[in-house]
Amino acid sequence: MDDNCQRRVITFTSDSMAEFEEKARRAKSLGATHVTVSAIEKSRWQWERDPSDPYPNWGMLIAALFKVVVPEELSEWLPSDYAQRNLKLVAKRGEILKKLGLKGAFQMKEPCYLPEEVYRAHPEWRGPRCDHPRRARNYYYSPCIDRPEILAMYSYAMEKLCGTADIDYFNILTNDSGGGICWSSGLYPGKNGPEWCRNRPQSERVRGFLLALKEGAARAGVDAWLDINSNIGIKEPEHEMDAMWPFLPDHQAVNKKTNTGRPLASEVFLNWEYTLQPVRNIARPYEFLEQYEKAYFSGLPVRIVTMDDSDFDEHYILMERFNSSPQRGVAARAAMVHQLAAGIAGDANAALLAEAWHKTEKGILHYLDTGLEGLVSCCVNQRWLNRPFVLFPAELAPEEKDYYRRFQFQANDDAHADDLLDIQNSSFIRGYSGVFIASMALGKAIGLFGESAALLRRVAEAMEGGPRDRTLLYADRIELLSCFMKNARNAIRFQHIADTADYERVPEISPEWPLDAEPSLLRYEEITRAEIDNTHRIIRLIEGREATMLSIAKTHELEDVFLLSPRLASQLSAKTEIMMNHMLDGKRLFVTPNK
Numbered sequence: 312m313d314d315n316c317q318r319r320v321i322t323f324t325s326d327s328m329a330e331f332e333e334k335a336r337r338a339k340s341l342g343a344t345h346v347t348v349s350a351i352e353k354s355r356w357q358w359e360r361d362p363s364d365p366y367p368n369w370g371m372l373i374a375a376l377f378k379v380v381v382p383e384e385l386s387e388w389l390p391s392d393y394a395q396r397n398l399k400l401v402a403k404r405g406e407i408l409k410k411l412g413l414k415g416a417f418q419m420k421e422p423c424y425l426p427e428e429v430y431r432a433h434p435e436w437r438g439p440r441c442d443h444p445r446r447a448r449n450y451y452y453s454p455c456i457d458r459p460e461i462l463a464m465y466s467y468a469m470e471k472l473c474g475t476a477d478i479d480y481f482n483i484l485t486n487d488s489g490g491g492i493c494w495s496s497g498l499y500p501g502k503n504g505p506e507w508c509r510n511r512p513q514s515e516r517v518r519g520f521l522l523a524l525k526e527g528a529a530r531a532g533v534d535a536w537l538d539i540n541s542n543i544g545i546k547e548p549e550h551e552m553d554a555m556w557p558f559l560p561d562h563q564a565v566n567k568k569t570n571t572g573r574p575l576a577s578e579v580f581l582n583w584e585y586t587l588q589p590v591r592n593i594a595r596p597y598e599f600l601e602q603y604e605k606a607y608f609s610g611l612p613v614r615i616v617t618m619d620d621s622d623f624d625e626h627y628i629l630m631e632r633f634n635s636s637p638q639r640g641v642a643a644r645a646a647m648v649h650q651l652a653a654g655i656a657g658d659a660n661a662a663l664l665a666e667a668w669h670k671t672e673k674g675i676l677h678y679l680d681t682g683l684e685g686l687v688s689c690c691v692n693q694r695w696l697n698r699p700f701v702l703f704p705a706e707l708a709p710e711e712k713d714y715y716r717r718f719q720f721q722a723n724d725d726a727h728a729d730d731l732l733d734i735q736n737s738s739f740i741r742g743y744s745g746v747f748i749a750s751m752a753l754g755k756a757i758g759l760f761g762e763s764a765a766l767l768r769r770v771a772e773a774m775e776g777g778p779r780d781r782t783l784l785y786a787d788r789i790e791l792l793s794c795f796m797k798n799a800r801n802a803i804r805f806q807h808i809a810d811t812a813d814y815e816r817v818p819e820i821s822p823e824w825p826l827d828a829e830p831s832l833l834r835y836e837e838i839t840r841a842e843i844d845n846t847h848r849i850i851r852l853i854e855g856r857e858a859t860m861l862s863i864a865k866t867h868e869l870e871d872v873f874l875l876s877p878r879l880a881s882q883l884s885a886k887t888e889i890m891m892n893h894m895l896d897g898k899r900l901f902v903t904p905n906k
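Residue numbers (this note's numbering): 312 to 906.
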């Protein structure tokens with residue numbers, strides 16, 4: 312089948328307008344018709360209202376219409392200066408795209424929750440609770456999209472946005488990350504909303520919302536394609552919303568279905584749930600090419616490709632070569648990856664580089680077998696990376712906890728936060744079998760990443776100058792990824808010791824000789840020593856180049872639940888000091904040896 316995709320969207324990150332323009336030019340050369348322009352400044356003002364509540368960190372991640380355009384009716388409660396900065400940013404990107412003959416695409420979370428003061432002044436606007444009740448200290452409500460005045464605000468914001476930049480494809484996330492629709496089964500607290508609209512069919516509600524967005528765009532002269540989705544991850548599908556697809560107008564999709572019964576868009580996305588973040592620039596040529604081949608031959612009207620940065624532009628090169636000679640199947644993909652490797656490392660070392668990529672990919676799959684979703688969910692959101700592993704965490708002094716505790720994604724209480732296996736108030740791994748299986752999977756990942764890094768260093772030996780330096784840097788990144796896996800394995804095994812210890816028993820200090828130590832003590836000492844050594848290795852890998860190795864906050868003050876601080880190396884040193892200071896805590900729980 313020929314690629315008859317009508318809208319080809321490329322998404323990438325950029326830190327400046329110059330970088331945005333450079334990548335947009337590259338996107339056009341790859342056949343893009345659209346570039347995503349919705350990456351905006353984080354809405355920290357939402358979190359700063361109550362920094363003890365981690366939930367707004369999800370909402371801060373994603374753009375929303377009222378973060379870019381503030382209707383007059385909301386100007387008293389939403390920061391207009393913040394929105395104006397974002398609109399100006401989007402407008403500048405739009406100017407660049409217009410110059411290149413491209414259009415904009417926009418990803419947003421809607422309807423996004425509003426400050427509580429809005430609903431105190433206008434109680435009739437209060438829509439559903441859209442927070443996650445186990446992950447939020449406060450209640451958060453999105454506006455009711457059954458209200459004509461709310462729809463008018465959305466329509467106005469769409470008109471303003473589309474009139475500022477030529478954006479005609481919108482990808483909308485709902486019922487997640489601080490957004491939600493009245494009486495939807497996909498809301499985290501369960502179906503809820505104002506009583507007056509309880510019995511309105513969900514299909515009418517969603518259709519009315521999409522119509523308001525469409526009409527706003529049309530007033531700006533834009534024929535907007537709208538793709539709204541509430542079926543996320545392992546959540547139960549929303550059948551009420553799913554059922555409306557036969558009645559949709561053309562070029563609209565709800566939960567991945569258009570009026571044809573097929574999705575509006577195919578997607579190429581390697582970093583679902585932040586799989587490898589915060590480690591930077593991990594190339595995945597095999598997975599990228601497989602996903603891109605599937606998307607290319609899907610025959611769907613829209614193709615969205617998220618381009619992750621890598622040191623040798625591997626994904627860009629593969630996309631360019633595939634476009635020039637589309638092929639199907641694993642053999643064709645392997646040949647294309649080998650050709651890519653030869654272009655980077657030369658014919659003599661192409662097989663080594665291709666093997667390094669392959670081992671990295673296998674390691675990632677083993678990591679995903681743990682069920683931990685992504686490194687951000689555990690090593691970052693729970694601060695496994697820089698928090699100390701101690702048997703009595705409640706006894707830590709404030710100065711020993713403050714640097715990491717306020718950035719943990721825990722809402723309920725410190726007891727949940729002290730539990731390493733309580734991840735956003737969910738427990739994916741628990742008990743002997745779970746810990747055993749996850750540890751085995753992580754052990755395989757650690758081994759494969761180690762082999763990959765060793766292969767990359769062999770490849771670098773045959774290089775000179777910049778390519779050699781970049782390959783050695785990439786080897787260090789793969790080793791850092793292995794360190795993250797060790798951190799995860801140590802956390803899982805350590806918490807299992809804490810879970811199975813008898814904290815009520817006073818261990819006997821016996822003069823009996825000979826006397827073996829309790830196995831749990833030996834495991835505790837082994838794991839804590841391994842984590843301290845692993846932490847020191849991480850320090851050596853990142854110190855002085857934190858922003859090169861990791862996606863981190865630009866300043867220490869901008870650290871949040873999803874971003875580690877640029878002072879991470881010093882925090883890691885503090886972690887090891889605290890752990891060493893508490894090493895003897897094992898004697899409080901376990902019988903010690905006398906041999």
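All C-beta atoms in this analysis are idealised placements derived from N, C-alpha and C, irrespective of residue type, glycine included. All values reported here derive from a predicted model rather than from experimental measurement.
Rounded C-alpha distance that separates residue i from residue j
i	j	result
methionine 312	arginine 319	With a pLDDT of only 44 at methionine 312, under 50, the local geometry of the prediction cannot be trusted, and the value read off the model is given with reservation. One C-alpha to the other measures close to 17 Å.
serine 488	histidine 345	25 Å
glycine 361	glutamate 428	According to the sequence displayed, residue 361 carries aspartate and not glycine. Their Cα atoms are separated by approximately 14 Å.
glutamate 836	glycine 897	8 Å
isoleucine 461	proline 454	7 Å
arginine 446	tryptophan 494	20 Å
glutamate 383	methionine 891	57 Å
glutamine 395	leucine 664	47 Å
phenylalanine 599	histidine 626	7 Å
leucine 791	arginine 769	18 Å
leucine 411	alanine 576	23 Å
lysine 399	glycine 532	20 Å
aspartate 457	arginine 516	6 Å
leucine 521	proline 422	11 Å
arginine 308	alanine 528	Any question about residue 308 goes unanswered here, given that the chain covers just 312 to 906.
Segment limits, alpha helix (DSSP H) that includes residue i
i	result
valine 701	Looking at the DSSP string, valine 701 is not in any alpha helix (DSSP H), and its letter there is neither H nor E.
aspartate 479	Run containing aspartate 479: none in the alpha helix (DSSP H); it sits in the beta strand (DSSP E), 478-484.
isoleucine 655	641-656
valine 401	391-411
proline 444	Premise fails: proline 444 is in no alpha helix (DSSP H) and is neither H nor E.
glutamine 638	Run containing glutamine 638: none; DSSP gives neither H nor E here.
glycine 754	742-772
tyrosine 366	Taken as a continuous stretch (DSSP letters only), tyrosine 366 belongs to no alpha helix (DSSP H), as it is neither H nor E.
Heavy atom of the ligand NAP within 7 Å of residue i beta-carbon
i	result
arginine 573	You won't find the ligand NAP in this model; it holds no ligand whatsoever.
Segment limits, beta strand (DSSP E) that includes residue i
i	result
serine 577	576-579
aspartate 538	536-540
methionine 419	414-420
threonine 617	613-617
valine 565	563-565
Under 8 Å between C-beta atoms of residue i and residue j
i	j	result
phenylalanine 323	lysine 339	no
alanine 722	arginine 448	yes
isoleucine 889	glutamate 711	yes
phenylalanine 873	leucine 372	yes
tyrosine 366	tyrosine 430	no
tyrosine 258	histidine 443	Past the edges of the chain, shown from 312 to 906, lies residue 258, and the structure says nothing about it.
valine 613	tryptophan 536	yes
glycine 504	proline 439	yes
glutamate 666	leucine 766	yes
leucine 753	methionine 796	yes
phenylalanine 417	isoleucine 478	yes
leucine 274	valine 590	No answer is possible for residue 274: the residues shown for the chain start at 312 and end at 906.
glycine 610	asparagine 315	yes
leucine 900	tyrosine 814	yes
valine 379	valine 401	yes
Beta carbon proximity, residue i to chain D, threshold 8 Å
i	result
cysteine 316	Included in the structure is just one protein chain, with no chain D present.
Nearest to residue i (by Cα), restricted to the options the options
i	options	result
glutamate 551	Ala771, Gln513, Glu359	Gln513
leucine 425	Trp358, Trp583, His893	Trp358
tyrosine 603	Val579, Thr586, Asp619	Val579
asparagine 801	Ala786, Ser821, Arg840	Arg840
aspartate 787	Ala529, Asn482, Asn592	Asn592
glycine 415	Gly474, Trp388, Ser391, Leu861	Gly474
isoleucine 838	Ile808, Ala812, Pro818, Met618	Ile808
message: When you compare the stretch 781-796 with the stretch 618-635, are there three or more beta-carbon pairs, one atom per stretch, that lie closer than 8 Å?
response: With the cut-off at 8 Å, the stretch 781-796 and the stretch 618-635 touch.
query: Given 8 Å as the limit, is there contact between the stretch 688-705 and the stretch 880-888, that is, 3 or more CB pairs closer than that?
result: These segments touch.
field: Validate contact between the stretch 736-753 and the stretch 680-692 using beta carbons, cut 8 Å, 3 pairs
entry: yes
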